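Okay, so here's the structure we're looking at.
Protein chains: 2
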Amino acid sequence: MTTTPTGSRARTRQAILDAAIEVMARNPAATLGDVALAADVGRTTLHRYFPERVDLLTALRAEAAARLDLARARARMGDDTGADAIRRLCQEYFDLGDVLLLLFREQVTLEDTPGGCDDEFEAMIRRGHADGSIDPELPAGWVQSLMWSQLYAGWSYLAEHHASRHDTLRLVLRCVAGAVRPQR
Amino acid sequence: MTTTPTGSRARTRQAILDAAIEVMARNPAATLGDVALAADVGRTTLHRYFPERVDLLTALRAEAAARLDLARARARMGDDTGADAIRRLCQEYFDLGDVLLLLFREQVTLEDTPGGCDDEFEAMIRRGHADGSIDPELPAGWVQSLMWSQLYAGWSYLAEHHASRHDTLRLVLRCVAGAVRPQR
DNA sequence: CCGCAATGGAACACGACTGTTCCGAATTGG
DNA sequence: CCAATTCGGAACAGTCGTGTTCCATTGCGG
Numbered sequence: 001m002t003t004t005p006t007g008s009r010a011r012t013r014q015a016i017l018d019a020a021i022e023v024m025a026r027n028p029a030a031t032l033g034d035v036a037l038a039a040d041v042g043r044t045t046l047h048r049y050f051p052e053r054v055d056l057l058t059a060l061r062a063e064a065a066a067r068l069d070l071a072r073a074r075a076r077m078g079d080d081t082g083a084d085a086i087r088r089l090c091q092e093y094f095d096l097g098d099v100l101l102l103l104f105r106e107q108v109t110l111e112d113t114p115g116g117c118d119d120e121f122e123a124m125i126r127r128g129h130a131d132g133s134i135d136p137e138l139p140a141g142w143v144q145s146l147m148w149s150q151l152y153a154g155w156s157y158l159a160e161h162h163a164s165r166h167d168t169l170r171l172v173l174r175c176v177a178g179a180v181r182p183q184r
Numbered sequence: 001m002t003t004t005p006t007g008s009r010a011r012t013r014q015a016i017l018d019a020a021i022e023v024m025a026r027n028p029a030a031t032l033g034d035v036a037l038a039a040d041v042g043r044t045t046l047h048r049y050f051p052e053r054v055d056l057l058t059a060l061r062a063e064a065a066a067r068l069d070l071a072r073a074r075a076r077m078g079d080d081t082g083a084d085a086i087r088r089l090c091q092e093y094f095d096l097g098d099v100l101l102l103l104f105r106e107q108v109t110l111e112d113t114p115g116g117c118d119d120e121f122e123a124m125i126r127r128g129h130a131d132g133s134i135d136p137e138l139p140a141g142w143v144q145s146l147m148w149s150q151l152y153a154g155w156s157y158l159a160e161h162h163a164s165r166h167d168t169l170r171l172v173l174r175c176v177a178g179a180v181r182p183q184r
């Protein structure tokens with residue numbers, strides 16, 4: 001009753017969310033007016049869908065989490081060696097683009113990610129420790145920090161230099177692999 | 001005439017800057033009132049030293065740049081192999097603490113660092129390429145992004161987990177070294 | 001064609017931060 | 001002890017983002 005599944009409401013709402021992701025990723029202090037402008041809707045309409053700023057941010061987090069989950073599912077973290085799995089995960093995450101920057105610039109900490117992530121991630125790292133593809137000296141939490149920071153480095157490198165998306169992804173994967181590999 | 005070199009003015013000014021670094025590092029949207037409170041001075045006094053917000057931010061950048069230069073000098077980027085030098089640089093930068101977070105959270109991009117840095121940094125990387133301690137496939141700009149992101153990872157790891165500063169530094173150095181080392 | 005839902009624009013009140021002024025109190029130093 | 005400097009608090013106006021209301025317009029479906 002509350003929703004018109006295929007109505008124009010859903011489309012407008014999504015347009016606002018997409019614009020918000022793009023704008024907020026580039027400028028965390030963006031105004032609601034900025035978002036409305038980018039979404040090509042009136043500020044009044046924006047308030048109609050998200051009465052308060054918090055509501056928009058909440059929906060934004062939910063949207064980001066959903067896309068994050070999708071990427072995580074595609075990565076099949078349970079397959080192959082730990083190093084192979086984390087490589088796939090980085091690749092999928094890298095493709096998230098603006099969502100990635102959003103998760104950084106906003107204070108959307110990793111704790112906000114669905115609880116399942118940490119367990120699955122930790123299992124992947126443990127498997128890597130066991131199969132010799134990840135240095136046992138590196139705790140799972142550290143590898144997670146490492147991966148996120150490398151992804152951020154990739155996108156900031158992309159923004160500052162005029163590197164291609166493809167080459168940058170190669171650099172990210174190359175360096176994450178090198179960082180987690182056992183020393184000798 | 002305008003300055004009393006060793007007077008209390010210098011001390012107050014420094015107290016404000018120190019407090020600003022700490023506060024702004026943790027919350028980029030901090031109010032001038034927040035900074036004044038942390039510095040244990042009245043907001044009026046703060047305005048007396050930094051008439052407008054921009055003035056404070058400018059001084060903040062200058063202070064950060066100065067500390068950055070000090071750390072860079074201590075690292076002796078011209079000595080030993082490229083990998084050794086970048087290891088020392090990471091170590092010195094890591095010790096900057098809040099200044100590091102400030103450089104991230106604010107939009108103080110790497111371009112703002114004194115021009116000498118890039119040249120010296122690039123020379124260091126090139127030396128590493130030549131002496132075989134750094135993978136020639138990695139451009140200097142990328143290694144710089146890599147290093148900064150790893151430092152950020154270290155401090156965020158430190159904040160989220162209850163790791164010791166010493167262990168975290170070890171992880172950072174370990175992973176930067178692994179990331180830049182030639183693949184085999 | 002008519003009506004209802006959706007939209008956009010204008011105007012408004014409200015609160016937060018900023019920058020300024022003024023004045024009394026505290027500290028410093030001669 | 002006196003005087004100059006430094007400081008802090010209070011009050012004020014100005015600006016900006018927010019949230020709300022009202023109304024006219026558009027567009028889609030029955």
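The listed protein sequences correspond, in order, to chains X and H. So for the first sequence, full-length UniProt numbering puts the first residue at 1; every next one is plus one. So for the second sequence, full-length UniProt numbering puts the first residue at 1; every next one is plus one. Ideal placement from N, C-alpha and C gives every residue a C-beta, glycine not left out. Predicted model, so just to flag it, every value in this text is computed and none were measured.
The beta carbons of CYS175(X) and ALA179(H) sit about 4 angstroms from each other, so the pair counts as a contact at 8 angstroms. Taking 8 angstroms as the threshold, the shortest C-beta distance from ARG181(X) to chain H falls below it. In the three-state reduction of the DSSP assignment, HIS166(X) falls in the helix class.
Counting along the chain, the unbroken alpha helix (DSSP H) around ARG88(H) starts and ends at 82-94. If you compare the alpha carbons of LEU57(X), ASP40(X), PHE121(X) and LEU56(X) with that of ARG72(X), the shortest gap goes to PHE121(X). Leaving aside the five residues that flank ASP135(H) on each side, the residues in its chain whose CB is nearer than 7 angstroms to its CB run, in chain order, VAL180, ARG181, PRO182 and GLN183.
Between ASP80(H) and GLU22(H), the gap from beta carbon to beta carbon reaches 8 angstroms or more. Distances from the alpha-carbon of LEU158(H) to those of TRP148(H), VAL172(H) and LEU146(H) put VAL172(H) closest. Taken atom to atom, the span from the alpha-carbon of ALA19(H) to that of ARG87(H) is near 30 angstroms.
Secondary structure within the segment 112-164 of chain X: the alpha helix (DSSP H) runs of 4 or more consecutive residues, fully enclosed, are 115-131 and 140-160 (chain order). Put simply, the CB of CYS90(H) is far from chain X, with every gap to its CB atoms at 8 angstroms or more. Distances from the alpha-carbon of GLN144(X) to those of SER149(H), PHE104(H) and GLU106(H) put SER149(H) closest.
Residue state for GLU52(X) is assigned as coil, using DSSP reduced to three classes.
The shortest CA-to-CA distance from PHE94(X) to any of GLU137(X), HIS166(X), GLN14(X) and ALA59(X) is the one to HIS166(X). In the three-state scheme derived from DSSP, where H, G and I count as helix and E and B as strand, ALA29(H) is classed as coil. For THR12(X), the closest of ASP34(X), ASN27(X), MET77(X) and GLY42(X) by C-alpha to C-alpha distance is GLY42(X). The beta carbon of SER156(H) falls within 8 angstroms of a beta carbon belonging to chain X, placing the residue at that interface.
When the Cα atoms are used, ARG26(H) and ARG105(H) turn out to be separated by approximately 8 angstroms. The beta-carbon of SER145(H) is placed less than 8 angstroms from the nearest beta-carbon of chain X. With a beta-carbon spacing of about 5 angstroms, GLY141(H) and HIS161(X) fall inside the 8 angstroms limit used to define contacts. Per DSSP, ASP79(H) is not a residue of any alpha helix (DSSP H), being assigned neither H nor E. Taking each of GLY78(H), ASP40(H) and ALA29(H) in turn and checking the Cα distance to LEU57(H), the smallest one comes out for ALA29(H).
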